[in-house]
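Chain order of the listed sequences is A and B. Counting from 1, position 87 in the first sequence corresponds to residue 88 in the working numbering; the numbering is continuous, with no gaps. Counting from 1, position 28 in the second sequence corresponds to residue 723 in the working numbering; the numbering is continuous, with no gaps. Okay, so here's the structure we're looking at.
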Amino acid sequence: MKTDQIDRKILNLIQAGFPISPEPYREIGDALGISEENALARIGNMVDSGLIRRLGAIFDSKKLGCHSTLCAMQVEESRIDEVAAVVNSYPGVTHNYLREHQLNMWFTATAQSIEDLEQMLNQIKTETGINDILSLPAEKIFKIRVNFALD
Amino acid sequence: MLSEQDRQIIIELQKGLPLASRPFRLMGERLHLSEETIIKRIAFLKGSGLIRRFGAAVRHRDLGIKANAMVVWDVPGYKTDEAGGIMAGFKEVSHCYQRPRYQGWPYNLFTMVHGRTRDECIRTAEQISIATGIKKYELLFSTAELKKTSMRYFE
Chain A
2 MKTDQIDRKI LNLIQAGFPI SPEPYREIGD ALGISEENAL ARIGNMVDSG
52 LIRRLGAIFD SKKLGCHSTL CAMQVEESRI DEVAAVVNSY PGVTHNYLRE
102 HQLNMWFTAT AQSIEDLEQM LNQIKTETGI NDILSLPAEK IFKIRVNFAL
152 D
Chain B
696 MLSEQDRQII IELQKGLPLA SRPFRLMGER LHLSEETIIK RIAFLKGSGL
746 IRRFGAAVRH RDLGIKANAM VVWDVPGYKT DEAGGIMAGF KEVSHCYQRP
796 RYQGWPYNLF TMVHGRTRDE CIRTAEQISI ATGIKKYELL FSTAELKKTS
846 MRYFE
């Protein structure tokens, strides 16, 4: 979708600090000199077009008691669709990317316990017949930033 | 740890904030809670860090930030904190984690580097290399996004 200057200002504003107050869209409008209706319509358009993937909360999965890891596996070119279908079928797999490397499929897996996480990875190994999955859980976090500043 | 009320609020939040003038009042109506309670609890969850960020998750590929590389670094153990701190200081780096090494996988620091083009990512990695003194690294460009969703913690 095509965005204009005001859309981008809205995005900058609501990626980091969406107002947690009774009339948030009015506040966003006030901050940018547009009406509440206009702010709502613009945000609605960006949600509909998929530019805004989600409006809500990003949770700290660790603080919610979850365990997660980054996984890497080597998948033959001809099997990528089939293996991706298996991997993506798990709700605990939230991200999956193909990358230019011998280890070409990289996905994140999250579960309520370490045992559940191991079981998920074992099931993926069984279903795909690919037994080598590197599991690389974060040992230390130096930075997490998920918002992007737009000009 | 989490109260049933907070669990319910998290379930509602996972569905996305309503696009209406009083979104928190609408959420409250669904849960038989007041708008004030909803706002207070969300603010508390945010303050306690359970909610890491409250707002819009944006599909940045649609915004012209099209190239992204996972840059992996082989950093000697004694240097990881220093190097991790320097990497985190780059605005092009969105995530920086330390992860375990394996046989055949020598890399222990991971950075997500974003740019408008591949060249921008390559240049950023070069700058990080100069700033940290870490010479052994690889760029893993993504060629396809096969899945990207948000975790549903409770159903």
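Glycine included, every Cβ here is placed at the ideal spot set by N, Cα and C. Just so you know, these numbers come straight off a predicted model, no measurement behind them.
Inset, instruction - Taking 8 Å as the cut-off, decide whether the C-beta atoms of Gln-798(B) and Glu-140(A) are in contact. - result: For this step, residue 798(B) is matched to residue 103 along the second sequence. For this step, residue 140(A) is matched to residue 139 along the first sequence. Not in contact: Gln-798(B) and Glu-140(A) (Cβ atoms no closer than 8 Å).
Inset, instruction - Measure from the C-beta of Leu-135(A) to each C-beta in chain B and report whether the shortest distance is under 8 Å. - result: As a first step, residue 135(A) is located in the first sequence; it is residue number 134 there, counting from the start. The beta carbon of Leu-135(A) falls within 8 Å of a beta carbon belonging to chain B, placing the residue at that interface.
Inset, instruction - For Met-722(B), name the three-state secondary structure that DSSP assigns. - result: In the second sequence, residue 722(B) corresponds to position 27, counting from 1. Helix, per DSSP.
Legend entry - Cβ neighbours of Gly-779(B) in the same chain (closer than 7 Å, five flanking residues each side left out): Residue 779(B) sits at position 84 when you count from the first residue of the second sequence. Closer than 7 Å at the Cβ level, and outside the excluded window around Gly-779(B), lie Cys-791, Gln-793 and Leu-804.
Inset, instruction - Could you check the C-alpha separation between Asp-133(A) and Gln-709(B) for me, to the nearest Å? - result: On the first sequence, residue 133(A) is found 132 positions in, with the first residue counted as 1. On the second sequence, residue 709(B) is found 14 positions in, with the first residue counted as 1. Rounded to the nearest whole angstrom, the CA to CA distance from Asp-133(A) to Gln-709(B) is 33 Å.
Legend entry - the stretch 825 to 833 of chain B in contact with the stretch 761 to 779 of chain B per 3-pair CB rule at 8 Å: Under the three-pair Cβ rule at 8 Å, the stretch 825 to 833 of chain B counts as touching the stretch 761 to 779 of chain B.
Legend entry - Contact check, Leu-841(B) vs Asn-105(A), beta carbons under 8 Å: For the purposes of this step, residue 841(B) is taken as residue 146 along the second sequence, with counting starting at 1. For the purposes of this step, residue 105(A) is taken as residue 104 along the first sequence, with counting starting at 1. In this structure, Leu-841(B) keeps its C-beta atom at 8 Å or more from the C-beta atom of Asn-105(A).
Inset, instruction - Quick one: residues in its chain with C-beta nearer than 7 Å to the C-beta of Ile-817(B), no 5 flanking neighbours on either side, listed in chain order? - result: Taking the second sequence and counting its residues from 1, one reaches residue 817(B) at position 122. Excluding positions up to five away in sequence, the list reads Leu-834.
Legend entry - Contact check, Ala-112(A) vs Gly-93(A), beta carbons under 8 Å: Start at 1 with the first residue of the first sequence, and residue 112(A) comes out as number 111. Start at 1 with the first residue of the first sequence, and residue 93(A) comes out as number 92. It is a contact, given that the beta carbons lie within the stated cut-off.
Inset, instruction - Check each candidate in Leu-14(A), Pro-23(A) and Val-76(A) and name the one with the smallest Cα separation from Ile-29(A). - result: To locate residue 29(A), count along the first sequence from 1; it is residue 28. Nearest of Leu-14(A), Pro-23(A) and Val-76(A) to Ile-29(A), Cα basis: Leu-14(A).
Inset, instruction - Can you grab the Cα-Cα spacing for the pair Gly-66(A) / Met-121(A), in whole Å? - result: Position 65 of the first sequence, counted from the start, is the residue given in the question as residue 66(A). Position 120 of the first sequence, counted from the start, is the residue given in the question as residue 121(A). Going by the C-alpha atoms only, they are around 17 Å apart.
Inset, instruction - Give me the Cα-Cα distance between Lys-63(A) and Arg-847(B), rounded to the nearest whole angstrom. - result: As a first step, residue 63(A) is located in the first sequence; it is residue number 62 there, counting from the start. As a first step, residue 847(B) is located in the second sequence; it is residue number 152 there, counting from the start. Looking at the backbone, the Cα of Lys-63(A) and that of Arg-847(B) are separated by about 13 Å.
Legend entry - Close-in-space but distant-in-sequence residues of the same chain around Ile-704(B) (CB under 6 Å, 5 per side omitted): For the purposes of this step, residue 704(B) is taken as residue 9 along the second sequence, with counting starting at 1. Counting only Cβ-Cβ distances below 6 Å, and skipping sequence neighbours, we find Arg-736.
Inset, instruction - Please report how far the alpha carbon of Arg-717(B) lies from the alpha carbon of Pro-25(A), in whole angstroms. - result: The residue you call residue 717(B) lines up with position 22 of the second sequence. The residue you call residue 25(A) lines up with position 24 of the first sequence. A straight-line Cα-Cα distance of about 8 Å links Arg-717(B) and Pro-25(A).
Legend entry - Proximal residues of chain B, C-beta to C-beta of Asn-89(A) below 7 Å: To locate residue 89(A), count along the first sequence from 1; it is residue 88. Simply Leu-841 and Lys-842.
Legend entry - Candidates Ala-715(B), Phe-719(B), Phe-749(B) and Ser-729(B), of which the one nearest Asn-39(A) by Cα: Position 38 of the first sequence holds residue 39(A). Looking only at Ala-715(B), Phe-719(B), Phe-749(B) and Ser-729(B), the smallest Cα-Cα distance to Asn-39(A) is reached by Ala-715(B).
Inset, instruction - Would you check if the distance between the CB atom of Met-2(A) and the CB atom of Leu-52(A) is smaller than 8 Å? - result: As a first step, residue 2(A) is located in the first sequence; it is residue number 1 there, counting from the start. As a first step, residue 52(A) is located in the first sequence; it is residue number 51 there, counting from the start. In terms of Cβ geometry, Met-2(A) and Leu-52(A) form a close pair [threshold 8 Å].
Legend entry - Length-filtered (4 minimum) alpha helix (DSSP H) runs lying within the stretch 18 to 84 of chain A: As summarised for the stretch 18 to 84 of chain A, the continuous alpha helix (DSSP H) elements at least 4 residues long and confined to that stretch are 25 to 33 and 37 to 49, given in chain order.
Inset, instruction - For Pro-713(B), collect the residues of the same chain with a Cβ closer than 6 Å to its Cβ; drop the 5 residues on either side in sequence, then sort them by chain order. - result: Within the second sequence, numbered from 1, the residue matching residue 713(B) stands at position 18. Here the set comprises Leu-721.
Inset, instruction - Look up Ser-136(A) in the DSSP assignment and give the residues it is bridged to. - result: Counting from one through the first sequence, the residue named residue 136(A) turns up at place 135. According to DSSP, which records beta bridges pairwise, Ser-136(A) is partnered with Cys-72(A).
Legend entry - Contacting residues, own chain, Cβ-Cβ under 8 Å from Ser-845(B) (five flanking each side not counted): For the purposes of this step, residue 845(B) is taken as residue 150 along the second sequence, with counting starting at 1. So the list reads Gln-709 and Ala-752, once near-sequence residues are dropped.
Legend entry - Bounding residues of the alpha helix (DSSP H) (the contiguous stretch that carries Met-121(A)): The sequence position of residue 121(A) within the first sequence is 120, counting from 1. Here the alpha helix (DSSP H) through Met-121(A) covers 115 to 129.
Legend entry - Cβ-based burial, Arg-725(B) [other Cβ within 10 Å; buried from 16]: The residue given as residue 725(B) occupies position 30 in the second sequence. With fewer than 16 other Cβ atoms inside 10 Å of its own Cβ, Arg-725(B) counts as exposed.
Inset, instruction - Run the CB neighbour count on Arg-811(B), radius 10 Å, all protein chains shown included, and call it buried at 16 or more, exposed below. - result: Within the second sequence, residue 811(B) is the residue found at index 116, counting from 1. With fewer than 16 other Cβ atoms from the protein chains shown falling within 10 Å of its own Cβ, Arg-811(B) counts as exposed.
Legend entry - Span of the beta strand (DSSP E) around Ala-764(B): On the second sequence, position 69 is the one that residue 764(B) refers to. From DSSP, the beta strand (DSSP E) with Ala-764(B) extends over 762 to 768.
Inset, instruction - Compare the C-beta of Lys-741(B) against all C-beta atoms of chain A and say whether one is closer than 8 Å. - result: The residue you call residue 741(B) lines up with position 46 of the second sequence. At least one chain A Cβ lies under 8 Å of Lys-741(B).
Inset, instruction - With DSSP as the reference, label Glu-731(B) as helix, strand or coil. - result: Taking the second sequence and counting its residues from 1, one reaches residue 731(B) at position 36. Looking at Glu-731(B) - three-state DSSP - the assignment turns out to be helix.
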